[in-house]
Every structure is written in structure tokens, then in C-alpha cells.
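This report refers to the structure that appears directly beneath it.
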Amino acid sequence: MYVNSNLHITFCFLFSPKMPKPLRSSDSQQSKMTRIAIVSADRCKPKNCGQVCRKSCPVVRMGKQCIEVTATSKIAFISETLCIGCGICVKKCPYGAISIINLPSNLDKDTTHRYGFNSFKLHRLPTPRPGEILGLVGTNGIGKSTALKILSGKLKPNLGNFKSPPEWHEILAYFRGSELQNYFTKLLEDNLRAVIKPQYVDQIPQAAKGVVRDMFLKKDDLGRMDEMAEMLDLHKLMDRNISDLSGGELQRFAIAIVCIQRADIYMFDEPSSYLDVKQRLKAAVTIRSMVNSTKSVGVVISFYGKSVKRVFSFSIVVEHDLSVLDYLSDFICVLYGVPGAYGVVTMPFSVREGINIFLDGFVPTENLRFRETSLSFKVSDQSLDEQIKRVNRYHYPAMKKKLGNFELTVEDGEFTDSEIIVLLGENGTGKTTMIKLLAGKLQPDEESGEIPQLSISYKPQKISPKSQCKVSELLRAKIPDAFVHPQFSADVLKPLDLDNLKDQELPNVSRSNSSSTSMLTLKEDRITTKDLQVQNLSGGELQRVALALCLGKPADVYLIDEPSAYLDSEQRLHAAKVIKRFILHAKKTAFVVEHDFIMATYLADRVVVFSGSPSSEAVAASPQSLLNGMNKFLGLLDITFRRDPNNFRPRINKLNSVKDTEQKRSGNYFFLEE
């Protein structure tokens, strides 16, 4: 965050008969409230560190209690009013538990909610509009889940006053004159019903028991069960137990359950997780059809003794796949700030403008930059083929592999060093199987030649850490040479933000196939004792550690299965740049399985397209150019993409739109440049 320090300048006019009034005590305190102090509850150990933060604080030395630690304190308390922002305590703390963060001075009056002393706070709120879909975009830990809880009525905003929270009439007075005043008034007086699709769908079997069909019959308020089952390919799952569903099946089941219920507020938290590109688009179409149906059907309510037809419902979507968010949303609110410390919600923007603001890292309406560099997807900005000296060329044979009722046929192909080949296909078409065949973890039933004997480094799709140790110990044990190499640290560890994780411990748990790596123990929005007592890494942190372990192992070929899983939008782009830079600098080859279309198009030099019937039979074509491969793949899905003229990110064309029709007629389903 780049903001000017809070300077107070008093202009004294020599010829004025009156001297300026001195600041009152309350005004002085308010003027100093331009920074927040965050104390990490899992790292702060006041009984072991000698309390060097308190002893080194210059304000404490002056006799003021800026940092307080009592004999019974579990963590240190830092007074944000007295703190001068010198940063000495941050440098002195041996555990890295303290963060002092400067805030824009105009945010003091905009605090919507704060969880407690030295903890996360949210500034402002997104503004939903009836009959439209509001998209929220921002990094993890920035307050999206907190905003959803407040807007759904599950969390009462305290306006920053966590000691004595305000009553609802005070909250309504605070939002007087804004759209949120009407929203909260409806929420209170009309008893609006909110239905939420949870973020962690793998936890659904713990709360919902029984058969899928029975749950549908129980929740179907709108009589849309068969329609939702058809749109989301759920007919084959109707007689299965909820506990037996995979991650992607649970995701589609959860979306359908929300869409068949009658509600006033619909919320979808990361609806694309576990889904392939085709399923993501189907989920987006399903959600949009739900919004359109509420426009036409409406709900009849009684209002002051009269029957009134409320035609519109509110819909909010949190999504990290920017192409899906672009397709789903009618308008966008961007959240920026410091993860785990504070989050700020911008005013609503159009979809294109909102996503571009997030990628640019600059909010023009506030004249505020929240990221050092902007993110661009221009292919010509990447290293061109003629600039890359490819020395080695390898060939792999045609192969066949049968697993149960599924049979995969792999056409022969070749690859070179300094090249990334992305594997594109639906779930269940054998992408991971091909990865395992190339890695030697599966033996082909038939092959037309020998698979190249190359050293392989493999990052699996499902990460199940079993060792209980610190991240630094794991990295030092598994990749000792890369861990101490300054180039690897600069190219991989720092961009993946692993420096902050080096001293945390890995969980000693084993996960089932259905839950993959998603049994998260750190909640998104705040740092509290409850959230961080367990020394576990979240799914996104595990993903980054696994990626670093994969790239840190010396190998000729790197096989990376779904590197974007559990990463937020910004982390996905950083991970893509890390992989791209590492493969080019190390002159190695990477095969990547990826469902995030933006990340896939950024990474790919060439693509392998998988076609066929999921879970039955599939064919993996030979590697082909990015343009030809994407055109073939999108033709199978009947989807067209265009590129944004500003940052060249891929954007899905609305079905049967003018652009969609023109591109399908010309056979250009995908454009490299515009």
C-alpha cells in the first residue's frame, strides 16, 4: 500500500487576530489513528522472547503503555493510538509476530467491522443490486467472507467498536443515504432469507447425510430439481450417498441445492473449485439462469397490509477464476489491503473496469495504488520462440492404458527444453493418467517405443502431507541445494511468499481422495487465537510449498498437476510467472494440467487436447501450437474467447452474442491478440 504519511500542517496567518484553536484530545487521537497493529496469535510467545518488543519501544521508554504484556498475557497488546509507527518492535520480534501497517487517513471513518484488538478490520461494504450479480475480487484474507457474512445477516457489523457494538438503529443511521441503508432495512424488516454456497464443499458430507435425491426433494422450493440436474449433469448422481461424491460432484451438487431454493439473497463462494473448464461454464450459465428466473417469477410478500410483488433477488459471487467471474458478474467490487490485517472495498465498477482495476493494482477513483506492478497477459511480452535457444528435443511414443472401465490413448509427440506444454481436457479424460505415464508411476499397457529416460519432478494433484515439521526444515531436507541458492530464492521462494511460512509447521493429517488438499484450518478473514492455534497450513499455503518442492528438485521434466488449486487470483498469476520464469531460466520442460483458462493461456507454449467421453475413453492428441490447440479445445466446448485490449486477458463471449456468433462462423474460437 502506497500512501503518504499523515502530516499535520497548521497555517498561522500573521495578520489574523485569532490564533488557531488547539486540537482537542479526541481530535488528536483521531488524527493519529492512521495505522493498525496486527499481532499474530500463533507466533507471539511473550513468555519465551523476553518481551523485546516492549523493552525496545521508544514510547514505552517515555513512560507510556504503548505495548502491554502482563504475566497472564498470551499475546502482546499494542495501542494503535500511542504507536508512532517506528517499526522497531517489528524488527526486534524474534518470531515475526508483529506487523505495523499504515492506512490511508480517509479510512478512519469507514470502518465497517473489526474483530478485536490488534486484529483484522474491514472498511466499507460491497453494495448489492436487486436483479443483478455482484462479483467480488480480491486476494485471500482480504475480507470477502466477512463481507458475505455481514450481507447475509449472519454477522452484525460493529463499525469498529468491538467493545460495545452498536444497535441496529445506529447501524442504519451510519449507512443513511446509501443503498446499503435500504438493503439492511429490508434485511431487518422483511426477514430476507439468504442462501450461501459454502467455500469448502468438501466439508458438506459432515453436515449433510443421506442420498442426493432425498436432499434435492427436501430443498426444492422452486420445482427446478430436474432442470438443475440436467444443466449440471447430476442425473447419474441422484441415487448416490452425499459422502461418496468427489470434489467436483460436491461442487455441482452444492450449486444446484442453492439454485432450487426460494431465497432473497443468493451467495456463491468460489463456485468453480474442482471443476474443469466446461463444468465451470455450465455452473456460470446455471447461476445466471437462476437470477433470470427470479426476475420473471418473483415472490409475493405483504408490505404494510398490501400485496406487493418483489421481482428481484440479490446475488453475490466470490470467484478467483477471473474468466468465470467476468462471465458471471453484472458489476464488480474490488477488495484491496493487507491480507489478515485490513481490507477495503471499492465502489462498484463495470465488470471489465473492475477486473482491470484489480489487475492494474490502481484504483483511479481513489487515486490509490495497492500493488507495485500491473499484471498483463500479452503473449508478445513473453519470450518469443526465436529468442529461446532450444537445444534438446525428446520424443515420447504412442501409448495405451486401461484403468477399470476407462481407456486412454496417447498419440506420440515430442517436446523440447525451455518449453511448457499444457494439458487441456474435461475431468475424467486422463490428464493425470498421462502425467503419471510420463513420470513412470504407471506402466502403459501398449506402447510403440520407449519413454525417454529422463529425471522427473512431480507435483501431484492431491497433496497429503504426513510429516510434522517446520516448512523450513522440510525445504532444507527435500531441496537442500535449491533452498540455499540465492537465484532459487529470488525466482521461486520470494514470489511465492514462502518466507513467511518457513517457521510454521506442517499438519500431520491424511486426507481422503474426495477432500484432496482442502481441509483448511486457517480461516480467510482474520488472525485470531481460535484460527491459528493449530499449527497447520491452509490449502493455498500447502499448494505453494508443494510447487516450491517440485521446482527445487533437479530434473529434466517437471510434471505439475493443477498448480492453481486453492490459490487466489493474484497468487495464481504469481505462480504462473514463477513457473514460466523458472522453466525458461533453467532450460527445462514442464507438462502442466490446469483448468484456470487465464493461467493456462499464460503458461502454454503448446497444448495437448484431450477428447472423448469422461470416465469411459479418451484420446490425448499430439502437442500443437497454442492457437490451434485452443481453437480445437474451445470448439469441442462450443465456447469462444476474445482478449481484453488493455491487458490482453482472455474473456469469455456471452453465448449467442454478436462476437460469439462472428467467431464461430469464422472458426476462430480463440484469439492471441486483438
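Note that my numbering numbers the sequence shown so that position 56 is 169, with each residue one more than the last. Yeah, the Cβ is synthetic: ideal placement off N, Cα and C, and Gly gets one too.
Residue from the options whose Cα sits closest to the Cα of residue i
{"i": "Gly-148", "options": "Lys-168, Ala-184, Val-325, Cys-196", "result": "In the sequence under discussion, the amino acid at residue 148 is Arg, which differs from the Gly named in the question. The candidate whose alpha carbon is nearest that of Arg-148 is Cys-196."}
{"i": "Pro-676", "options": "Tyr-387, Phe-190, Ala-210", "result": "Tyr-387"}
{"i": "Gly-248", "options": "Glu-181, Tyr-440, Ala-661", "result": "Tyr-440"}
{"i": "Ser-426", "options": "Glu-466, Phe-471, Met-380", "result": "Met-380"}
{"i": "Ala-189", "options": "Phe-230, Leu-716, Glu-683", "result": "Phe-230"}
{"i": "Glu-559", "options": "Ser-577, Asp-530, Glu-520", "result": "Glu-520"}
{"i": "Asn-760", "options": "Ile-470, Ala-717, Val-404, Ser-359", "result": "Ile-470"}
{"i": "Arg-589", "options": "Asn-518, Ala-603, Tyr-571, Ala-661", "result": "Ala-661"}
{"i": "Leu-609", "options": "Lys-575, Ile-263, Gly-653", "result": "Gly-653"}
{"i": "Leu-536", "options": "Glu-527, Asp-525, Ile-548", "result": "Ile-548"}
{"i": "Ala-511", "options": "Asn-518, Leu-300, Gly-562", "result": "Gly-562"}
{"i": "Pro-241", "options": "Cys-206, Lys-222, Asp-377", "result": "Asp-377"}
{"i": "Lys-257", "options": "Glu-775, Phe-329, Ser-682", "result": "Ser-682"}
{"i": "Ile-564", "options": "Lys-322, Asp-525, Pro-593", "result": "Asp-525"}
{"i": "Thr-185", "options": "Val-203, Pro-452, Ala-342, Lys-160", "result": "Lys-160"}
{"i": "Leu-264", "options": "Arg-156, Leu-235, Gly-290, Thr-252", "result": "Leu-235"}
{"i": "Tyr-208", "options": "Asp-674, Asn-253, Val-152, Cys-199", "result": "Val-152"}
{"i": "Met-341", "options": "Cys-372, Asn-505, Asn-354", "result": "Cys-372"}
{"i": "Asp-757", "options": "Lys-349, Phe-784, Lys-745, Lys-572", "result": "Phe-784"}
{"i": "Leu-672", "options": "Leu-516, Asp-223, Arg-657, Ile-533", "result": "Ile-533"}
Residue i: first and last residue of the uninterrupted beta strand (DSSP E) it sits in
{"i": "Cys-206", "result": "That residue, Cys-206, is in no beta strand (DSSP E); it is neither H nor E in DSSP."}
{"i": "Met-512", "result": "512-516"}
{"i": "Val-706", "result": "702-706"}
{"i": "His-508", "result": "506-509"}
{"i": "Glu-466", "result": "Careful: Glu-466 lies outside any beta strand (DSSP E), inside the alpha helix (DSSP H) at 464-473."}
{"i": "Ile-429", "result": "427-431"}
{"i": "Val-314", "result": "From DSSP, Val-314 is part of no beta strand (DSSP E); its letter is neither H nor E."}
{"i": "Tyr-287", "result": "Not the beta strand (DSSP E): Tyr-287 falls in the alpha helix (DSSP H), residues 281-287."}
{"i": "Lys-168", "result": "Where Lys-168 is concerned, there is no enclosing beta strand (DSSP E), although the alpha helix (DSSP H) it sits in stretches over 165-169."}
Opposing strand residues paired with residue i [DSSP bridges]
{"i": "Cys-446", "result": "Leu-249"}
{"i": "Asn-354", "result": "Val-324"}
{"i": "Pro-763", "result": "Arg-756"}
{"i": "His-226", "result": "Leu-235"}
{"i": "Ala-56", "result": "This structure cannot speak to residue 56, because the chain is shown only from 114 to 787."}
{"i": "Gly-266", "result": "Answer is none; Gly-266 lacks a bridge partner."}
{"i": "Val-720", "result": "Val-535, Gln-737"}
{"i": "Ala-307", "result": "Ile-378"}
{"i": "Gly-725", "result": "Ala-731"}
{"i": "Val-451", "result": "Tyr-455"}
{"i": "Glu-181", "result": "Phe-190"}
{"i": "Val-476", "result": "Leu-481"}
Endpoints, the alpha helix (DSSP H) within which residue i is located
{"i": "Tyr-296", "result": "292-302"}
{"i": "Val-658", "result": "652-665"}
{"i": "Thr-714", "result": "710-716"}
{"i": "Asp-439", "result": "435-441"}
{"i": "Gly-456", "result": "No alpha helix (DSSP H) holds Gly-456; the beta strand (DSSP E) holding it covers 455-458."}
{"i": "Ser-773", "result": "Checking the displayed sequence, the identity of residue 773 turns out to be Asp instead of Ser. Counting along the chain, the alpha helix (DSSP H) containing Asp-773 begins and ends at 771-779."}
{"i": "Lys-276", "result": "Neither: Lys-276 is in no alpha helix (DSSP H) and is coded neither H nor E."}
{"i": "Glu-485", "result": "Careful: Glu-485 lies outside any alpha helix (DSSP H) and carries neither H nor E."}
{"i": "Glu-193", "result": "Careful: Glu-193 lies outside any alpha helix (DSSP H) and carries neither H nor E."}
{"i": "Ala-342", "result": "338-344"}
Below-8 Å beta-carbon distance, residue i vs any chain B residue
{"i": "Gly-229", "result": "No chain B appears in this structure, which consists of one protein chain only."}
- Message: Please give the ranges of any alpha helix (DSSP H) in the segment 356-400, keeping only runs that are unbroken, at least 4 residues long and fully inside the region.
- Response: 360-372
- Item | Segments assigned beta strand (DSSP E), at least 3 residues, entirely inside the segment 518-544 | 519-523, 526-529, 532-537
- Taking three-plus beta-carbon pairs below 8 Å as touching, is the segment 432-439 in contact with the segment 760-780? yes
- Query: At which residue ranges does the segment 545-613 contain complete alpha helix (DSSP H) runs of 4 or more residues, listed in the order of the chain?
  - Reply: 584-591, 593-597
- Query: Is it true that the segment 675-689 meets the segment 709-718, where meeting means three or more beta-carbon pairs spaced less than 8 Å apart?
  - Reply: yes
- Which runs of the beta strand (DSSP E) spanning at least 3 residues fall entirely within the segment 666-702, listed in chain order? 670-674
- Do three or more CB pairs link the segment 263-281 to the segment 331-346 at distances below 8 Å? no
- Query: Per the contact definition of three or more C-beta pairs closer than 8 Å, is the segment 459-467 in contact with the segment 734-741?
  - Reply: no
- Message: Closer than 8 Å is the cut-off here; do at least three beta carbon pairs connect the segment 689-702 with the segment 721-729?
- Response: no
- State whether the segment 594-606 contacts the segment 542-557, with contact taken as three or more CB pairs (one from each stretch) at a distance under 8 Å. no
- Specify whether the segment 283-296 and the segment 312-328 touch according to this definition: at least 3 beta carbon pairs, one from each stretch, less than 8 Å apart. no
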